[in-house]
Every structure is written in C-alpha cells, then in structure tokens.
Amino acid sequence: MWELLSCAIKDSPESGQTLLPKRVNTTRWSSRFDAVKALKRNYGLIEMLTDINEKNVVRVEAASLSKKLDLLKNRIILSFWIDVLQRVNEVNKAVYKENMDLSITAYLVSSLADYFDFLRDRFDHTEALGMLLTGNENYAETRIIKENCN
Numbered sequence: 001m002w003e004l005l006s007c008a009i010k011d012s013p014e015s016g017q018t019l020l021p022k023r024v025n026t027t028r029w030s031s032r033f034d035a036v037k038a039l040k041r042n043y044g045l046i047e048m049l050t051d052i053n054e055k056n057v058v059r060v061e062a063a064s065l066s067k068k069l070d071l072l073k074n075r076i077i078l079s080f081w082i083d084v085l086q087r088v089n090e091v092n093k094a095v096y097k098e099n100m101d102l103s104i105t106a107y108l109v110s111s112l113a114d115y116f117d118f119l120r121d122r123f124d125h126t127e128a129l130g131m132l133l134t135g136n137e138n139y140a141e142t143r144i145i146k147e148n149c150n
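Positions 1 to 150 (the working numbering) are the ones given, in order, by the sequence shown.
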C-alpha cells in the first residue's frame, strides 16, 4: 500500500511540492509538522486506494485507515495539530538561527505560549473546521462498558 500511495502522491497534479508521510524523527519539530501536513494534504489519495482494483489486503487496509480518519474527532485533532506544529516549527527555526538575540528568543517563546492560550479559546473554530473536512457534524458514538460489581 505504501508504494501505491507514494506513487499516487508523486503523480498527483495538485501536489506541487511533494509531501510524503514519513517516519517521525523525534528530535525534529519540522518532521512532526511535515508528517501531519502530508496526512492532511494527501487524505484523498488514501480514499482513492479503496477503489483501485488492487489486492484485497490493500483495499481493506486503505478502507480501515480512511474510516478512522473520517471520524470527526480525528479531523479536529488533525486541524489542531496543524496549527500547533506549524507555529512551533516556525519558532523553532527562528530560535536556532545563528545570530539570534536572546531577547528576541524570549519574546518568541512567550508569544508561543500566548498562541497556545489563543488556540484553547478558539476550539469552536477548530471543531467547525473538522466538521467541514468530514462533512459530518456528529461525533461517533462510543460504547461505555459497565463493570459488574459482584
């Protein structure tokens, strides 16, 4: 499935700058941002793999992944992480510039904390964006398993 997905992404006319989901490098914020951005940008290609006359295993795996990504909560999380990781990535790049002044670094880190407060207060916007991406306004029902108290 990975080979089909990467070929589809490379052949995609709207891809412009090709973004392939990659294994996350835990020491680089930019790799986290790139992975989330690639997932958002190329989501339609995952759905496409469910329609291809491909091995049944590939179709089932793509359908399972697509079903999970279509959940409203996952699209909200994706929208939220795009915002968070993009800002963290920008601040991180600025802070590590060779001639960065300490006062500017302190300001950037402080503004990042303020941005997190701003994001917390605009959950309604992030939720609406998730609803727009899924075309769904309802959260998936979850089963609550009650324990027997015997």
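We put the CB at the ideal spot given by N, CA and C, even for glycine. Note that the structure is predicted; figures quoted are calculated from it, not measured.
Excluding the five sequence neighbours on either side, which residues of its own chain have a C-beta within less than 7 Å of the C-beta of residue i, listed in chain order?
i: Leu-108; result: Val-91, Ala-94 and Val-95
i: Asn-74; result: Lys-68
i: Thr-134; result: Asp-70, Leu-72 and Arg-75
i: Asn-136; result: Leu-72
i: Met-1; result: With a pLDDT of 48 at Met-1, under the threshold of 50, the modelled position of this residue cannot be trusted; read the value that follows with caution. Around Met-1: Leu-49, Val-58, Glu-61 and Ala-62.
i: Ala-113; result: none
i: Gln-86; result: Phe-33
i: Leu-129; result: Ser-79
Rounded to the nearest angstrom, how far is the Cβ of residue i from that of residue j, given a contact under 8 Å?
i: Ile-82; j: Lys-37; result: 6 Å
i: Leu-39; j: Leu-78; result: 7 Å
Check for me: the alpha helix (DSSP H) holding residue i runs from which residue to which?
i: Arg-74; result: The sequence given here places Asn at residue 74; Arg does not occur at that position. That run of the alpha helix (DSSP H) goes 72-95.
i: Asp-101; result: No alpha helix (DSSP H) contains Asp-101, which DSSP labels as neither H nor E.
Only counting the same chain, and skipping five residues up and downstream in sequence, which positions put a Cβ closer than 6 Å to that of residue i?
i: Phe-80; result: Thr-126
i: Tyr-115; result: Arg-87
i: Thr-105; result: Val-95
DSSP three-state call for residue i: helix, strand or coil?
i: Glu-127; result: helix
i: Lys-146; result: coil
i: Lys-55; result: coil
i: Ser-15; result: Because Ser-15 sits at a pLDDT of 48, beneath the cut-off of 50, its placement in the model cannot be relied upon, and the point is left open.
i: Glu-137; result: coil
i: Arg-122; result: coil
i: Met-1; result: Here Met-1 scores only 48 on pLDDT, less than 50, and its place in the model is too uncertain to base an answer on.
Leaving out five residues before and five after residue i in sequence, what residues of the same chain have Cβ atoms less than 8 Å from its Cβ?
i: Asp-101; result: none
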